[in-house]
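Heads up: the protein sequence lines correspond to chains A, B and C, in order. All the letters of the first sequence, read from the start, carry residue numbers 7 to 370 under the numbering used here. All the letters of the second sequence, read from the start, carry residue numbers -11 to 279 under the numbering used here. All the letters of the third sequence, read from the start, carry residue numbers 2 to 243 under the numbering used here. Each residue gets a CB set at the ideal place from its N, CA and C atoms; glycine is no exception.
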Amino acid sequence: MKRVTSTRQWMWWIVGGVVAAFAAILPMLNLSIPGVLPGATYLPGTLQLLAVAMLFASLALSYHLLFGTAGLLSFGHALYFGLGAYGVGLLLKNTTLSLVPAIALTIAAVICVAYLVGALSLRVTGISFAMVTLAFAQAGNVLVRRNPQITGGDEGLQLHTDNVPQFLIGVLNTRNLYWVALGVLVVVFVIVTCFEHSRAGHVVTAIRENELRVRVLGLRPFGVKLVAFVIASVLAAVVGIVHLLLQSGVTPSATSSDFTLTILVIVVLGGVGSRWGAVVGGIVYTLLDQRLTALASSDAIAALPPILRIPLSEPLFILGTLFILVVMFLPGGIAGALGRVGGRSRRSLVAPGVTERDRLEDAE
Amino acid sequence: MSTVILLIITGLGLGALYFLVASGLSLIYGLMGVLNFAHGSFLTLGAFAGWEFARRMGGGSWLTFFASLVVGAVVGAVVAAATEFLLIRRLYERHIEQVLVTVGLALASVALFDGIWGTDPIYVTGPAWLTQTSDILGARVPNDRFVLIIAAVFVLLAIVAFLKFTRYGLIIRAGVENRSMVTALGIDVRRAFTVVFAIGGAAAGLGGVLASHYFGYVSPQLGGSLLIFAFIVTVIGGLGSLAGAAMASVIVAILQQFANFFLGGTGDLVVVLLLAAVLLIRPTGLRGSKA
Amino acid sequence: MSAPILRVAGLSAHIAGQQVVEDVSFEVPATGVTALLGRNGVGKTSTLKAIIGLIGRRGTVEFDGERIDGQPTHRIVQRGIGYVPEDREVFASLSVEENLRLAERHGGPNRTLVDELFPDLVARASQPAGTLSGGQQQMVSLARALINDNRLLLVDEPTKGLAPLIVVDVAEALARAARAVPILLVEQNLEVVRKLAHTVVVLEGGRVAHVGLAQELLDDDELTKRLLGVHSAHAQANGEAS
């Protein structure tokens, strides 16, 4: 990573900038991609879907920071997404705080929770870490579902819009939320990149590769891992907050372990260890999920015999199967496949397979 | 007093369910280093298979009930062995990928169950005695608890006997300690992988049929909800330790019952707190030797 | 001299992506003890592990004229290679008897040899191996290799950390075994090497630095000092140090 200023690096930033700029003017354009998007790009429905896709890309990036960069396999990332959404949702509902202070307060709470849970979970490594984070997230899920008088229970929590700025409310303002989502994606991408290039980022990567060596150098892995954990959690919370605004509410499924697994699926589909992979994975997954759901209820599927109809009418079945195939036959995910096609062998696309195995062996 | 007895016996019954899931998880993790997220699906499939069987045989007799237990166990074992053989084995020694494949399988299979059996709970019927209660020192204990406890004890003894008295058992015990040394003695340790998956799948499938009688219904979510507690049990007991899993199953389930009753339904939270406490004091769990 | 039992050519090995053995080539004669020597961390243990495929490797390994470098560990061992690892690696929770039973590949006519060499183990058959002393654990580890009719033994530092009296016992057992089967021996204790080994292969920095007769190397104090960093006269002390 010494060659930060190499031309290829700059190329990527320029490409990213162009893509972001293009995404920014999409609401002004009348583009249709049949089969991929449900309608023209200026329509609120399409913008809503694209905004969700970008939020999932941001969430995948925050998970990439944990898993791809720091090598921490967490099964509790949804907790922080849910904390962000429920935190702001509850503050708006039960207090007179306006949106910005509510967000600030929620972020502060997320930092505290992430610090505590992280400090505890990081006492163990490898698979134990995964299980412990899962357990904490499950506790959050239980809290949300068991207290319907506060959180709305399984029905979910509606967004109270009294103290939310007008330009973020209503179908007609979807494009504003779209721009907010785009902004979140860009900011999260920049933060994750900065972290990876920072001293802490280098240490955390070194730990992933070989924890013992880092210890020998006299560095304490615990601290930097915790920093990565807290940053990733805060980013997830921010995404959760925007998701709350975009969907005008939140349901308990946002705190479930299945939701974390979905994020994991996205990151692996995109390519573990690749920032662009996480972004592409998030967008591809969201569009695929939406398309498959549309397909499931289509007449063509309904006409099929049961043995084909039942599997094809379950988007998660198809996505799950696709995921298994990617893990088994396409290590490096979409980014890895593109990298191989383009003849590039970027370090970050190839490394994880080997290093994770060793890390787990160490953890045993 | 009668409440305490009821809570203890019900806790033992729930603990028995946890153990039926956790025993397989623990064995698989101990030998292969794989955390099997698809284990809940083995349980769910066992439950559906048992229900489908009982439905066709026409419900309520004891013979049907026992036969449905066997069906659940066999289906669980076959599917688990196939999972190991077709998916896990191809990713030999790549633990993260193995875990990811089981995650994918869990997601895909639950969706498939949704498609086949629908998302709504399906109510099951068994022998009438199961839904009745027995009087134990003044407590009216539902009879299905006893069946669960007996089944779990039977599974525990069977696994222990298998590990103790068979060559595969010997290989598995040695492999849990030091897998590469087992291969260095000229033994294909991968054959033992299929065996532990089959054993774990059988226990989970059996647990699935029993769980459907315990809860009164089957649903595609049945396995997933039990799996999380089984994970917690496995960590508290110490990854890879069968005895630890048995102890932790009982402790967790009884604690959960008591907290639910006396502390206003906080059982699940108390379990997570217990997990946190165990990790703070003993990161390797009750009986774990390796972190 | 007959054909070598083991021929290693251009063998490289890596652990966790790091090269630990580089382009090593040597042969093990079909009789007697061949010692694999070198300073600490030079790749001796890794070479043994690479031969039976316990770590990733590249290059050619021929066992009795047949390529084995592409095969999984258990197949290689089944061909008739016994492996006695560094630090013994007995199964601590298994009894002595179970450790031996696990190692038995085909009924084991050599049970008599093992019982004769290690009477201590017969007496402790039902004791968990983890509760044995270091020397007794080494006996179990050796017995696991000797219980089968092997055509080659790979023995890694069998005297490491043992009391001098036990070292004599272990050396005696190895000498007995060597009458029937060739041994590739990694050993720090040069007294043991002098007593057992006919040929020596010396590694340096992951490569072969010297091949010759054991006697000649150990009699040449200068050469020993250069290759192994110790005077052959002080061999005993070094063997204990590691």
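TODO: Keeping to the same chain, check which residues put their C-beta closer than 6 Å to that of leucine 32(A); ignore five residues upstream and five downstream.
DONE: Along the first sequence, one-based indexing puts residue 32(A) at 26. Taken in chain order, the residues that qualify are Thr47.
TODO: Select from the region 2 to 23 of chain C all residues with a C-beta closer than 7 Å to any C-beta belonging to chain B, and list them in chain order.
DONE: none
TODO: Determine the chain B residues that contact arginine 106(C) at a beta-carbon separation under 7 Å, and present them in chain order.
DONE: Position 105 of the third sequence, counted from the start, is the residue given in the question as residue 106(C). By Cβ distance, chain B contributes Gly174.
TODO: Indicate the three-state DSSP secondary structure (helix, strand or coil) for tyrosine 17(B) in the structure shown.
DONE: For the purposes of this step, residue 17(B) is taken as residue 29 along the second sequence, with counting starting at 1. In the structure shown, the three-state DSSP call for tyrosine 17(B) is helix.
Task: From Phe119(C), Asp88(C) and Glu87(C), residue whose alpha carbon lies closest to that of leucine 101(C) - done: Here residue 101(C) refers to the residue found at position 100 when the third sequence is read from its first residue. Here the closest residue by C-alpha is Phe119(C).
Open item on the list: By the three-class DSSP mapping on this structure, what secondary structure does valine 25(C) have?
Closed with: Start at 1 with the first residue of the third sequence, and residue 25(C) comes out as number 24. Strand at valine 25(C).
Open item on the list: Could you check whether the Cβ of serine 354(A) sits closer than 7 Å to any Cβ belonging to chain B?
Closed with: Indexing the first sequence from 1 puts residue 354(A) at position 348. In this prediction, serine 354(A) has a pLDDT of 36, which is less than 50 and means its spatial position is unreliable; what the coordinates show is noted afterwards. Chain B contact via Cβ: absent.
Open item on the list: Assuming proline 130(B) is part of the beta strand (DSSP E), what are its boundary residues?
Closed with: Here residue 130(B) refers to the residue found at position 142 when the second sequence is read from its first residue. Looking at the DSSP string, the run of the beta strand (DSSP E) that includes proline 130(B) is 127 to 130.
TODO: Would you mind listing the alpha helix (DSSP H) stretches within the region 162 to 241 of chain C that are 4+ residues and don't spill past its ends, in chain order?
DONE: 165 to 179, 191 to 197, 215 to 220 and 222 to 229
- [ ] Run the CB neighbour count on glutamine 86(B), radius 10 Å, all protein chains shown included, and call it buried at 16 or more, exposed below.
- [x] Mapped onto the second sequence, residue 86(B) falls at position 98. Under this definition glutamine 86(B) is a buried residue.
Open item on the list: By the three-class DSSP mapping on this structure, what secondary structure does glycine 160(A) have?
Closed with: Numbered from 1 along the first sequence, position 154 holds the residue referred to as residue 160(A). The sequence shown places aspartate at residue 160(A), not glycine. Residue state, collapsed to three classes: helix.
- [ ] Quick one: grab the DSSP three-state call for threonine 61(C).
- [x] Taking the third sequence and counting its residues from 1, one reaches residue 61(C) at position 60. Three-state DSSP puts threonine 61(C) in a strand.
- [ ] Please confirm if serine 168(B) has its CB atom under 7 Å from at least one CB of chain C.
- [x] Residue 168(B) sits at position 180 when you count from the first residue of the second sequence. Serine 168(B) counts as touching chain C.
- [ ] Could you please give me the residues that DSSP links to proline 129(C) through a beta bridge?
- [x] In the third sequence, residue 129(C) corresponds to position 128, counting from 1. DSSP, once it has assigned bridges, lists Ser96(C) as partnering proline 129(C).
Open item on the list: Would isoleucine 160(B) and alanine 180(B) qualify as a contact pair, given that the criterion is a beta-carbon distance under 7 Å?
Closed with: Locating residue 160(B) in the second sequence gives position 172, counting from the first residue. Locating residue 180(B) in the second sequence gives position 192, counting from the first residue. Yes. Within cutoff.
- [ ] Measure the alpha-carbon distance for asparagine 151(C) versus serine 229(B) and round it to whole angstroms.
- [x] For the purposes of this step, residue 151(C) is identified with residue 150 of the third sequence, where counting begins at 1. For the purposes of this step, residue 229(B) is identified with residue 241 of the second sequence, where counting begins at 1. One C-alpha to the other measures close to 35 Å.
- [ ] Please go through the same chain and pick out, in chain order, the residues whose beta-carbon is closer than 6 Å to the beta-carbon of glycine 359(A), but skip the five residues on each side of it.
- [x] As a position in the first sequence, residue 359(A) is number 353, starting the count at 1. Unreliable placement is indicated for glycine 359(A), whose pLDDT of 37 sits below 50; no coordinate value is reported for it.
Task: Under the three-state DSSP convention, the category valine 256(A) falls into - done: Walking along the first sequence from the start, residue 256(A) turns up at place 250. In the three-state reduction of the DSSP assignment, valine 256(A) falls in the strand class.
Open item on the list: Pairs of beta-carbons, one from the region 39 to 55 of chain B and one from the region 249 to 260 of chain B, closer than 8 Å: are there three or more?
Closed with: no
Open item on the list: Spatial neighbours of glutamate 98(C) within its chain, please: C-beta separation below 8 Å, excluding the five flanking residues on both sides.
Closed with: Position 97 of the third sequence, counted from the start, is the residue given in the question as residue 98(C). Counting only Cβ-Cβ distances below 8 Å, and skipping sequence neighbours, we find Ala126 and Ser127.
Open item on the list: Starting from arginine 263(C), trace the beta strand (DSSP E) in both directions and tell me its first and last residue.
Closed with: Past the boundaries of the shown model lies residue 263(C); chain C is included only from 2 to 243, so the question cannot be answered.
Open item on the list: Here's the rule: buried if 16 or more other CB atoms are within 10 angstroms of the residue's CB, otherwise exposed. What is aspartate 70(C)?
Closed with: For the purposes of this step, residue 70(C) is taken as the residue at position 69 of the third sequence. Burial call: buried.
- [ ] Output yes or no for whether 7 Å exceeds the beta carbon distance between alanine 94(B) and phenylalanine 25(B).
- [x] Position 106 of the second sequence, counted from the start, is the residue given in the question as residue 94(B). Position 37 of the second sequence, counted from the start, is the residue given in the question as residue 25(B). It is a contact, given that the beta carbons lie within the stated cut-off.
Task: chain A contact residues for phenylalanine 280(B), given Cβ-Cβ distances below 8 Å - done: Since the displayed chain B opens at -11 and closes at 279, residue 280(B) lies outside it and no answer follows.
- [ ] Taking only the alpha-carbon atoms, compute the straight-line gap between leucine 166(C) and phenylalanine 81(A) and give it to the nearest angstrom.
- [x] Taking the first residue of the third sequence as 1, we reach residue 166(C) at position 165. Taking the first residue of the first sequence as 1, we reach residue 81(A) at position 75. Roughly 54 Å between the two C-alpha positions.
Open item on the list: Quick check: the Cα distance between glycine 34(B) and valine 21(C), rounded to an integer number of angstroms?
Closed with: As a first step, residue 34(B) must be located in the second sequence, where it is residue number 46. As a first step, residue 21(C) must be located in the third sequence, where it is residue number 20. Rounded to the nearest angstrom, the two C-alpha atoms are 48 Å apart.
Open item on the list: Under DSSP, the alpha helix (DSSP H) around serine 122(B) begins and ends at which residues?
Closed with: Mapped onto the second sequence, residue 122(B) falls at position 134. Not the alpha helix (DSSP H): serine 122(B) falls in the beta strand (DSSP E), residues 121 to 124.
Task: Best match in Val148(A), Phe265(A), Ala66(A) and Leu78(A) for proximity to glycine 132(A) [C-alpha to C-alpha] - done: Residue 132(A) sits at position 126 when you count from the first residue of the first sequence. Closest by alpha carbon: Leu78(A).
TODO: May I have the straight-line CA-CA distance separating leucine 147(C) from tyrosine 156(B), to the nearest angstrom?
DONE: Numbered from its first residue, the third sequence carries residue 147(C) at position 146. Numbered from its first residue, the second sequence carries residue 156(B) at position 168. If I take the Cα positions, the gap works out to 22 Å.
Open item on the list: Any beta carbon of chain B sitting closer than 7 Å to that of glutamate 158(C)?
Closed with: The residue labelled residue 158(C) in the question sits at position 157 within the third sequence. Not one chain B Cβ lies under 7 Å of glutamate 158(C).
Task: Nearest candidate by alpha-carbon position, reference glycine 195(B), set His27(B), Thr(-9)(B), Asp123(B) and Val9(B) - done: Start at 1 with the first residue of the second sequence, and residue 195(B) comes out as number 207. Of the listed residues, the one whose Cα sits closest to glycine 195(B) is Val9(B).
- [ ] Show which residues of chain B have a CB atom less than 8 Å away from the CB atom of leucine 79(A).
- [x] By one-based count along the first sequence, residue 79(A) stands at place 73. Simply Ile84 and Val87.
Open item on the list: What residue range does the alpha helix (DSSP H) around isoleucine 113(A) cover?
Closed with: In the first sequence, the residue the question calls residue 113(A) occupies position 107. Note, isoleucine 113(A): alpha helix (DSSP H), 105 to 127.
Task: Whole-angstrom distance between valine 220(A) and leucine 56(A), CA atom to CA atom - done: Counting from 1 along the first sequence, the entry for residue 56(A) is found at position 50. Counting from 1 along the first sequence, the entry for residue 220(A) is found at position 214. In a straight line, the C-alpha of leucine 56(A) is about 41 Å away from that of valine 220(A).
TODO: Can you have a look at valine 196(A) and say buried or exposed, based on whether 16 or more other CB atoms are within 10 angstroms of its CB?
DONE: Indexing the first sequence from 1 puts residue 196(A) at position 190. That one is exposed.
- [ ] Pick helix, strand or coil for methionine 7(A), following the three-state DSSP scheme.
- [x] Position 1 of the first sequence, counted from the first residue, corresponds to residue 7(A). For methionine 7(A), the predicted model reports a pLDDT of 42, less than 50, meaning its position is unreliable and no value from the coordinates is stated.
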